[in-house]
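Engineer: Following this message is one structure expressed as structure tokens.
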RNA sequence: GUGAGCGUAGUGUAAUGGUUAGCACAAGAACCUGUGGAGUUCUUAGCGGGGGUUCGAAUCCCCUCGCUCACCCCA
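In our numbering, the protein residues as written are 1 to 457.
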């Protein structure tokens, strides 16, 4: 073929292709997931179901009541609650102005909302403490990374209206038990931040200690030094660790009442044999925390806490928050669990859960049979039999294949002949043995074979 | 927000700058209204997007979007 024609041809083809592509795109414009968002697909739901079932059961057993607050709140709630200076509020909030000109934000965490609800609905008039649990999506506009999405789910507890250390211990015990029940060994890191008075006192001590060594700190710690000196303590940078190696610990500077509180919490934990690690470097990022704070890490023999270990959950006491939001002085304490992080840990540990499998598959041949099957399916389902079908399929072979894939114990087969005789074939999928049963007795027969009680007793 | 790596059907992958982008699995259909773990045949579906270099780009360059990872921060 002469070159020219060929070139012409291929060019033409290319143009046609591009045109087709372009018009397809213009027409279809396939929508895409927003950055940092994830679909939770059917195959993953078993993890979510398990975790939530366990969490909700535990929460109810412990006397917690569910609360759901809106996903959007006034931006000022989080500014006042979580803290102006915190990164969460400063740069990680999904904020926008709504059609009414209101400054609103997608909630980055739950505690501020729960505290708001506590005040707004006068929950201080209820018997104290008020014990609440919540579950739902939260939003932070940060760069996605492993264990960090822009929309993520938390389950959490809040106990409002009591200052006793036993509350903190209860919450930590709950956390420990919860992780254990879903199959994760954890390690609780615990510390006390003291009240405002002791914290301010400690800050001074810390600054004095750091001052001469300031230049040895990493660059981000240099700025932390000014903004939030406590944060220098949990920097992962090697050189900062060296500087803070012998740093005075906050627990040594607690006032008597805070010290007592902390000791009590630890005593309670000893009593219920919850293992914990005192971590004087633990500092939490939200402004409202005071006294007891803790984070829950996966317990791993090999990898030390060093780097990259993400907390599976965390919490602490927040005695000032309710007042800061305009309520009366209300001591409170809470915890939040990061569901995605838990799931990825479960997957990593290859902790798998069996999905609930259907027990009976119903196969049909012909329109009459299909009609009948619709009825039988419903009859059996009402009796609590886990059913499956592919009523939309034709051909027995395909249907049996389907039944096989689903892993059912028995398949019911209904064709023209069975319709005429008013019978059903029951096929044992393990050995292929079939039996013809009277259509009227089918419910009874199936239940018998599945070892279900007959109800008639 | 900063930095690094990566983008080929639903998934996993292949293609010294060179014809029509190939393979496997999955999915759907037919063989086949009468018996599953199988086969055969067929079908659907892809170079993230945009520009540039070139006679010619999945391949090279730029931009952008997205993913992954780290930093920051946090669940």
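Backbone N, C-alpha and C define an ideal beta-carbon position, used for all residues, glycine too.
Going by the CB atoms, is the gap between residue 43 and residue 189 shorter than 7 Å?
Structural biologist: Indexing the first chain from 1 puts residue 189 at position 189. Indexing the first chain from 1 puts residue 43 at position 43. The answer is no: Cβ separation not under 7 Å.
Engineer: Let's test the definition: count the other Cβ atoms within 10 Å of the Cβ of residue 126 and tell me whether it reaches 16, buried, or not, exposed.
Structural biologist: Residue mapping note: residue 126 aligns to position 126 of the first chain, counting from 1. Counting Cβ neighbours within 10 Å, residue 126 comes out exposed, since fewer than 16 surround it.
Engineer: Give the straight-line distance between the Cα atoms of residue 58 and residue 48, rounded to the nearest whole angstrom.
Structural biologist: As a working note, residue 58 is residue 58 in the first chain. As a working note, residue 48 is residue 48 in the first chain. If you take the alpha carbons of residue 58 and residue 48, they lie about 15 Å apart.
Engineer: For a minimum of 3 consecutive residues, which ranges assigned as the beta strand (DSSP E) are wholly contained in the stretch 289-377?
Structural biologist: Here the runs fully enclosed are 290-298, 313-317, 332-338, 360-364.
Engineer: Measure the C-alpha to C-alpha separation of residue 108 and residue 141 and round it to an integer number of angstroms.
Structural biologist: Within the first chain, the letter at position 108 stands for residue 108. Within the first chain, the letter at position 141 stands for residue 141. Cα to Cα, the separation comes out at about 9 Å.
Engineer: Do residue 71 and residue 33 come within 7 Å of each other at the CB atom, strictly closer than that value?
Structural biologist: Reading the first chain from its first residue, position 33 is the one you call residue 33. Reading the first chain from its first residue, position 71 is the one you call residue 71. Contact flag unset, no.
Engineer: Can you give the Cα-Cα distance for residue 373 and residue 413, rounded to whole angstroms?
Structural biologist: Position 373 of the first chain, counted from the start, is the residue given in the question as residue 373. Position 413 of the first chain, counted from the start, is the residue given in the question as residue 413. Rounded to whole angstroms, residue 373 to residue 413 spans 9 Å at the Cα level.
Engineer: If I measure Cβ to Cβ from residue 179 and keep anything under 6 Å in the same chain, skipping five residues before and after, which residues do I get?
Structural biologist: Here the question's residue 179 lines up with position 179 in the first chain. 186, listed in sequence order.
Engineer: Any idea what DSSP makes of residue 148, helix, strand or coil?
Structural biologist: Against the first chain, residue 148 aligns to sequence position 148. Looking at residue 148 - three-state DSSP - the assignment turns out to be strand.
Engineer: What is the residue span of the alpha helix (DSSP H) that residue 165 lies within?
Structural biologist: Along the first chain, one-based indexing puts residue 165 at 165. Where residue 165 is concerned, the enclosing alpha helix (DSSP H) stretches over 165-181.
Engineer: Measure the CB-CB distance between residue 255 and residue 198 and report whether it falls below 7 Å.
Structural biologist: As a first step, residue 255 must be located in the first chain, where it is residue number 255. As a first step, residue 198 must be located in the first chain, where it is residue number 198. Taking 7 Å as the Cβ cut-off, residue 255 and residue 198 qualify as a contacting pair.
Engineer: When DSSP builds the beta bridges, which residues end up paired with residue 410?
Structural biologist: Within the first chain, the letter at position 410 stands for residue 410. The partner list for residue 410 (beta bridge, DSSP) reads 360, 428.
Engineer: Buried or exposed: residue 345, going by 16 or more other Cβ atoms within 10 Å of its Cβ?
Structural biologist: If you number the first chain from 1, residue 345 lands on position 345. Flag for residue 345 reads buried.
Engineer: Looking at the unbroken beta strand (DSSP E) that takes in residue 132, where does it start and where does it end?
Structural biologist: Counted from its first residue, the first chain places residue 132 at position 132. From DSSP, the beta strand (DSSP E) with residue 132 extends over 130-139.
Engineer: Taking contact to mean at least 3 C-beta pairs separated by less than 8 Å, is the stretch 233-252 in contact with the stretch 192-212?
Structural biologist: Verdict: yes, contact present.
Engineer: Does residue 98 come out as helix, strand or coil in the three-state DSSP assignment?
Structural biologist: To locate residue 98, count along the first chain from 1; it is residue 98. In this structure, residue 98 counts as coil in the three-state DSSP scheme.
Engineer: Under three-state DSSP, which class holds residue 188?
Structural biologist: Position 188 of the first chain holds residue 188. In this structure, residue 188 counts as strand in the three-state DSSP scheme.
Engineer: Report the rounded CA-to-CA distance for residue 275 versus residue 269, giving the unit in angstroms.
Structural biologist: As a position in the first chain, residue 275 is number 275, starting the count at 1. As a position in the first chain, residue 269 is number 269, starting the count at 1. Each residue's Cα considered, the two are about 7 Å apart.
Engineer: Looking at the structure shown, is residue 262 part of a helix, part of a strand, or coil, going by DSSP?
Structural biologist: Here residue 262 refers to the residue found at position 262 when the first chain is read from its first residue. Reduced to three states, the DSSP call for residue 262 is helix.
Engineer: One question on the structure: do residue 129 and residue 160 come within less than 7 Å of each other, judged by their Cβ atoms?
Structural biologist: In the first chain, the residue the question calls residue 129 occupies position 129. In the first chain, the residue the question calls residue 160 occupies position 160. In this structure, residue 160 lies closer than 7 Å to residue 129 by Cβ.
Engineer: Does the distance from the C-beta atom of residue 78 to that of residue 117 stay below 7 Å?
Structural biologist: Within the first chain, the letter at position 78 stands for residue 78. Within the first chain, the letter at position 117 stands for residue 117. Going by C-beta atoms, residue 78 is not nearer than 7 Å to residue 117.
Engineer: What residue range is occupied by the uninterrupted alpha helix (DSSP H) comprising residue 50?
Structural biologist: The residue labelled residue 50 in the question sits at position 50 within the first chain. It spans 45-61 - the alpha helix (DSSP H) in which residue 50 sits, taken as one unbroken run.
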